[in-house]
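J.:
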Amino acid sequence: MRGFHGLTLAACSSIISAMAIAQPVTGDRHTSLLEVPVADMKVVAPDAYGSALSLAAGGASPLDIALAIAGEFEGTTQHIVQANEGGEVPSSTKITVLRDGLLDDAVRGERWDIALDRTAAGIWGIREVKRSWRCRRGAQMDRFAAQVCP
Numbered sequence: 102m103r104g105f106h107g108l109t110l111a112a113c114s115s116i117i118s119a120m121a122i123a124q125p126v127t128g129d130r131h132t133s134l135l136e137v138p139v140a141d142m143k144v145v146a147p148d149a150y151g152s153a154l155s156l157a158a159g160g161a162s163p164l165d166i167a168l169a170i171a172g173e174f175e176g177t178t179q180h181i182v183q184a185n186e187g188g189e190v191p192s193s194t195k196i197t198v199l200r201d202g203l204l205d206d207a208v209r210g211e212r213w214d215i216a217l218d219r220t221a222a223g224i225w226g227i228r229e230v231k232r233s234w235r236c237r238r239g240a241q242m243d244r245f246a247a248q249v250c251p
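Going left to right, the sequence shown walks through residues 102 to 251 as this note's numbering numbers them.
#1: Can you give the Cα-Cα distance for residue 224 and residue 187, rounded to whole angstroms?
#2: Look up residue 161 in the DSSP assignment and say whether it is helix, strand or coil.
#3: Would you mind working out which of 204, 231 and 236 sits nearest residue 195, comparing C-alpha positions?
#4: Rounded to the nearest angstrom, what separates residue 185 and residue 192 at their Cα positions?
#5: State yes or no: is the C-beta of residue 235 within less than 8 Å of the C-beta of residue 228?
#6: Go through its chain and collect everything with a Cβ distance to residue 124's Cβ below 6 Å, but skip five positions before and after it.
#7: By DSSP, does residue 224 sit in helix, in strand, or in coil?
#8: What are the boundary residues of the beta strand (DSSP E) that includes residue 199?
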């Protein structure tokens, strides 16, 4: 079975596991991007991720849907955490995409929290998408927040 960009699911799983143990940019007082506090998040309107809605309706995997929402990654570190609920055949899942070292003068990183529910037809529907940013300067250098970076 093939997953993201034609990789086998085992290969995708190995890549995600390796990313989860990766360390953040040197000099950061946090040991992991997962430990960076989140002050607040902005709810993203469905019209901002229309292509991901089409992907979900076509029966895509939760990971493929989440990565379509978050968009192309241009940075140094990306962590993806997926937490399923519902046992062997999950009824819902939450995927957190954490990115650091972005190629942007103002934005150091971003966080996406994506909640999906399995429909009666067995495909994944997007329940909610939230986003926050971590800045290179200003008040939110040590946390993710809903305000766009200056």
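Here a beta-carbon is modelled for each residue, glycine too, at the ideal position from N, C-alpha and C.
T.: Let's see:
#1: Start at 1 with the first residue of the sequence shown, and residue 224 comes out as number 123. Start at 1 with the first residue of the sequence shown, and residue 187 comes out as number 86. Spanning the two alpha carbons is a distance of roughly 15 Å.
#2: Here residue 161 is taken as the residue at index 60 of the sequence shown, counted from 1. Coil.
#3: By 1-based counting over the sequence shown, the position of residue 195 is 94. Closest by alpha carbon: 231.
#4: Numbered from 1 along the sequence shown, position 84 holds the residue referred to as residue 185. Numbered from 1 along the sequence shown, position 91 holds the residue referred to as residue 192. When rounded, the distance between both Cα atoms is 8 Å.
#5: The count along the sequence shown starts at 1 and reaches residue 235 at position 134. The count along the sequence shown starts at 1 and reaches residue 228 at position 127. Taking 8 Å as the Cβ cut-off, residue 235 and residue 228 do not qualify as a contacting pair.
#6: Locating residue 124 in the sequence shown gives position 23, where the first residue counts as 1. Model confidence at residue 124 stands at a pLDDT of 42, short of 50, so the residue's coordinates are unreliable; what they give is reported in the following sentence. Hits under 6 Å: none found.
#7: Counting from 1 along the sequence shown, the entry for residue 224 is found at position 123. Here residue 224 sits in coil by DSSP.
#8: Within the sequence shown, numbered from 1, the residue matching residue 199 stands at position 98. Unbroken beta strand (DSSP E) run through residue 199: 193–201.
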